[in-house]
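A.B. asks:
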Amino acid sequence: MLKPYLFIFNFYVMKNVADNRVQLLGFLGQEVDLRELSQGNKLARLSLATSDFKKAPNGQTERVTTWHNLVAWGKTAEEMSELLRKGQKVFVEGKIVYRQYETKAGEKRSQTDIVVNSFRKVEKEDTMETVASA
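Residue numbers (our numbering): 6 to 139.
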């Protein structure tokens, strides 16, 4: 017999599994590239570096940096352009988008972007726990 609380727990877990949401805390690798598209919509592109640590074959711990492509639209793009500078620590929330395109030479490429919904400048000593809970 299925217990009612198990059904509620499973429904909650499955509901949250379908969310496409990412939170990143890292350092900006470039100035914000803000462009105005036809019809006046704004597009911002920038990169964010996050770090993790792994154990190397020699037993030492080494830092591994991952670069993320960030994309923002509209008011968020404008605000990012006004407030953020290369090297700043920033917390972003958004969703992961995979896209495929073809170069002028006919090569098929794919790219993963983080479409930013919100962001916050943070102090260098802040951690993901303190920023995400604010």
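Here a beta-carbon is modelled for each residue, glycine too, at the ideal position from N, C-alpha and C.
Is it the case that the CB of V95 approaches a heavy atom of the ligand COA more closely than 7 Å?
C.D. replies: Inclusion of the ligand COA in the displayed structure is not the case, the ligand content being empty and no account of it being possible.
A.B. asks: Between the alpha carbons of T108 and T117, how many angstroms are there, rounded?
C.D. replies: Locating residue 108 in the sequence shown gives position 103, where the first residue counts as 1. Locating residue 117 in the sequence shown gives position 112, where the first residue counts as 1. Each residue's Cα considered, the two are about 16 Å apart.
A.B. asks: Between the alpha carbons of A87 and K94, how many angstroms are there, rounded?
C.D. replies: The residue given as residue 87 occupies position 82 in the sequence shown. The residue given as residue 94 occupies position 89 in the sequence shown. Note that residue 87 corresponds to Glu in the displayed sequence, not to Ala. Distance between the alpha carbons of E87 and K94: 15 Å.
A.B. asks: Helix, strand or coil, according to DSSP, for K109 in the structure here?
C.D. replies: On the sequence shown, residue 109 is found 104 positions in, with the first residue counted as 1. K109: coil per DSSP, three-state reduction.
A.B. asks: Have a look at W72 and D24 and give me their C-alpha separation to the nearest angstrom.
C.D. replies: Residue mapping note: residue 72 aligns to position 67 of the sequence shown, counting from 1. Residue mapping note: residue 24 aligns to position 19 of the sequence shown, counting from 1. Distance between the alpha carbons of W72 and D24: 23 Å.
A.B. asks: Express the C-alpha separation of D57 and V127 in angstroms, rounding to a whole number.
C.D. replies: In the sequence shown, residue 127 corresponds to position 122, counting from 1. In the sequence shown, residue 57 corresponds to position 52, counting from 1. Near 19 Å, if we compare the C-alpha coordinates of D57 and V127.
A.B. asks: Which value, in whole angstroms, describes the spacing of the CA atoms of M6 and Y103?
C.D. replies: The sequence position of residue 6 within the sequence shown is 1, counting from 1. The sequence position of residue 103 within the sequence shown is 98, counting from 1. Note that M6 scores 44 on pLDDT, short of 50, meaning its location in the model is unreliable; the coordinates nonetheless yield the value given after this. Each residue's alpha carbon lies about 42 Å from the other.
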